[in-house]
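Protein chains in written order, with UniProt numbering: chain U, 1 to 320; chain B, 1 to 320. Yeah, the Cβ is synthetic: ideal placement off N, Cα and C, and Gly gets one too.
There are 2 protein chains.
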Amino acid sequence: MTETLGSTGEFGLIAAVTKGLSTGEDVLVGPGDDAAVVAVPDGRMVITTDLLVEGRHFRQDWSSAYDVGRKAAAQNLADIMAMGARPTSLVVGFGAPADLPTAWALELNQGLVDEAELVEVSIVGGDTVQSDKIIVSVTAFGTLDGRPPVLRSGARPGDEVAYIGRLGWAEAGWAVLARGFRSPRAVVEAHRRPQPPYAEGPRAALAGASSLCDVSDGLLSDLGHIAVASQVAIDVHSQALTVPEPLQAVAAATGVDGLKFVLTGGEDHALVGTFEPADVPEGWTVIGSVAEGNEERPAGTVTVDGAAYADDAGHAHFRS
Amino acid sequence: MTETLGSTGEFGLIAAVTKGLSTGEDVLVGPGDDAAVVAVPDGRMVITTDLLVEGRHFRQDWSSAYDVGRKAAAQNLADIMAMGARPTSLVVGFGAPADLPTAWALELNQGLVDEAELVEVSIVGGDTVQSDKIIVSVTAFGTLDGRPPVLRSGARPGDEVAYIGRLGWAEAGWAVLARGFRSPRAVVEAHRRPQPPYAEGPRAALAGASSLCDVSDGLLSDLGHIAVASQVAIDVHSQALTVPEPLQAVAAATGVDGLKFVLTGGEDHALVGTFEPADVPEGWTVIGSVAEGNEERPAGTVTVDGAAYADDAGHAHFRS
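If you want it as structure tokens, here you go:
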């Protein structure tokens, strides 16, 4: 008989999950008390939270429990990176039906642990409840190591726009899965498990980035956040963007412009920012420019090759 | 036409919710960027997280949105208090169907804000997603103001057990609501909106509490956490406990022993701890004693008047 959460019970699950946790030396009180206590030598804590819901953010038939764990951790750790900070710890809330196999919960946990260990992050606490659909709530913490945070509001006219990481891969993977296919494998894997360039957040901060944003909603949408917060006009130069081969294949098969994946696809958790031209770090790709707003291109807007992008949907919740 | 989350949209909701937030001076970067940044002058952050799910932790017909918000904040802030810490900030994850009236979400938010303001806590960030059932995920933060945390593991033989706050009220309220009644009003209100004695956590720490625990699962269950973590035997003296009048009324109407509500009812978020006899703070009620384990009463167990309590169910998730 398959062991389920109903037979394992809350305390059994918590015991199984916390047994395997290794916690760094900055974890003063780990899981098992009313709350955790972590050291914050910098005197400032960077905090972000994300909620993943089955059916909305993942499907059990599209993603393994392990992949859901990797993704839930990744998207939070990426938000920490996008402040120019280094992730340090996280807490997890988990809801699931009583008939969920216990193995599923343990694999999810392993995914969370493995993604966290990529960046030497400790899981310091959590909560476990019963719910109809699987829910994964992650709150992640980071340190600025003495630096100021890099906000969305610091872009200045004359800056260049540059990014690092993947654009459009997860969206192309979703397009494939939604049509009942499983290939190209590279984009399906990208949908299941993003690969944020974690080290690039602090690196961009040290290089003097004037603004930074995690690409979770889509490049144009997230650049829009920078444009609004900084009150500047941003123009993306489409010639600087390439459509990788797997995305071209999906574009051809689905009748979509491949560039649309790159410009509007979210959930790869690339990092985009603005820099004075001399400050762009090696390995980043310059894809646009920052200007003062004018009548034609007002502050707060993003254009592609000087014009509004017709297909700029981005990733909006509560709308279908 | 009633405005719903579908028509308001994610960004509309976030704008409405963040507009009313007042943030303390320790909030260096508030809502609106990839992550928040808060000052942690103590150099240590106390962290706890809880997940509330519609149908499991609250019902729309039993609790108003405002009450759900108060309760979601309260149960997390109580965990901070139970470390002997003072709450400082929190982040909120919110999931809901697109057809939920926007007013419901705004009332929930007002409940969170009002409970947080009781203890001068700032809401520094959040996430909003679509889900079938309403989900509220709260992660709360606190400071020890230079003191060591008060753990569950510090109880010592010879200590007295004392508590402050309400015991059994929320459970009695649940029993009433489950039978389709709405009175006694006092216990129904207690189910909807706990009143944790927030200031008592730091006060107990200053008085020299050797252990502390938030009563969220039920007095015996939570004392069990202290007994296990401290490897001591705890005996509760039932004569020291009173069954308040509204609980007696519910007990009589439902055929339950009123003392059972007091011993096993959770979710009132009273505070229980252990102290050397001279250290028990004024206003706390001594209800038991701590001893070394022996054959009759092994370490890690809790007894009532020297014997196992027959009805010790506590509050277990994943079991019905």
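Counting along the chain, the unbroken alpha helix (DSSP H) around Ser221/U starts and ends at 219-230. Ile134/U places its beta carbon 8 angstroms or farther from that of Val92/U. By a beta-carbon distance limit of 8 angstroms, Gly126/B contacts Thr49/U. Their separation comes to about 6 angstroms.
Taking each of His57/U, Thr301/U, Gly158/U, Asp61/U in turn and checking the Cα distance to Ala227/U, the smallest one comes out for Thr301/U. In the displayed model, Thr254/B falls within a helix according to three-state DSSP. For Ile287/B, the nearest beta carbon of chain U is not closer than 8 angstroms to its own beta carbon. Any Cβ of chain B closer than 8 angstroms to the Cβ of Asp33/U would place that residue at the interface, and such an atom is present. Going by C-alpha positions, Glu189/U is about 40 angstroms away from Glu292/U.
Boundaries of the beta strand (DSSP E) around Glu160/B: 160-164. A Cβ-Cβ distance of about 6 angstroms is found for the pair Phe275/B and Glu160/B, placing them in contact under the 8 angstroms criterion. Gly173/B is not a Cβ neighbour of Val215/B, given a cutoff of 8 angstroms. Neighbours of Pro149/U in chain B, taken as residues at a C-beta separation under 7 angstroms, are given in chain order as Val29, Val37. A residue is called buried when at least 16 other Cβ atoms come within 10 angstroms of its Cβ; Phe141/U meets this threshold and is buried. Within the same chain, Pro97 come within 7 angstroms of Asp132/B by CB-CB distance, once the 5 residues on both sides are set aside. Judged by DSSP in its simplified three-state form, Pro197/U adopts coil rather than helix or strand. At a cut-off of 8 angstroms between C-beta atoms, Gln60/U does not count as an interface residue with respect to chain B. For Leu51/U, the closest of Asn294/U, Met1/U, Val290/U, Lys71/U by C-alpha to C-alpha distance is Lys71/U. Within the DSSP bridge table, the entry for Ser289/B names Glu160/B, Asp235/B as partners. Taking all protein chains in view, the Cβ of Ser183/U is surrounded by fewer than 16 other Cβ atoms within 10 Å, so the residue is classified as exposed. About 15 angstroms separates the beta carbon of Pro277/U from that of Ala204/U, a gap too long to meet the 8 angstroms contact definition.
Between Val236/B and Leu223/B a beta carbon distance of about 7 angstroms is seen, short of the 8 angstroms cut, so the two are scored as contacting.
Buried is the label assigned to Phe94/U, since at least 16 other Cβ atoms lie within 10 Å of its Cβ. If you look at Asp67/U, you'll find it in the alpha helix (DSSP H) that goes 65-81. When secondary structure is reduced to three states using DSSP, Ala249/U falls in the helix class. Cβ-Cβ distances below 7 angstroms link His191/B to Ala170, Gly173, Trp174, Leu177 in the same chain, with the five nearest sequence neighbours on each side left out; the list follows chain order. Under the Cβ criterion of 8 angstroms, Val121/U is not counted among the residues facing chain B. Contact annotation: Ser153/U and Ser221/U have beta-carbon atoms that are not nearer than 8 angstroms. With respect to Thr254/B, Arg193/B sits apart: the two C-beta atoms are not nearer than 8 angstroms.
For the C-beta of Pro41/B, the chain U residues within less than 9 angstroms are, from N- to C-terminus, Gly43. Residue-level contact check: Arg156/U does not touch chain B, since none of the beta carbons of chain B fall below 8 angstroms from its beta carbon.
Taken atom to atom, the span from the alpha-carbon of His57/B to that of Ile80/B is near 20 angstroms.
Taking C-beta atoms as the reference points, Leu28/U and Val113/U fail to come closer than 8 angstroms. Flagged as an interface residue toward chain U: Lys133/B, by a C-beta distance shorter than 8 angstroms. Around the beta-carbon of Glu54/U, 16 or more other beta-carbon atoms lie within 10 Å, marking it buried. In the structure shown, Gln110/U adopts helical secondary structure according to DSSP, grouped into three states. Taking the Cβ atoms as the reference, Ala65/U lies roughly 18 angstroms from Leu118/U, outside the contact range of under 8 angstroms.
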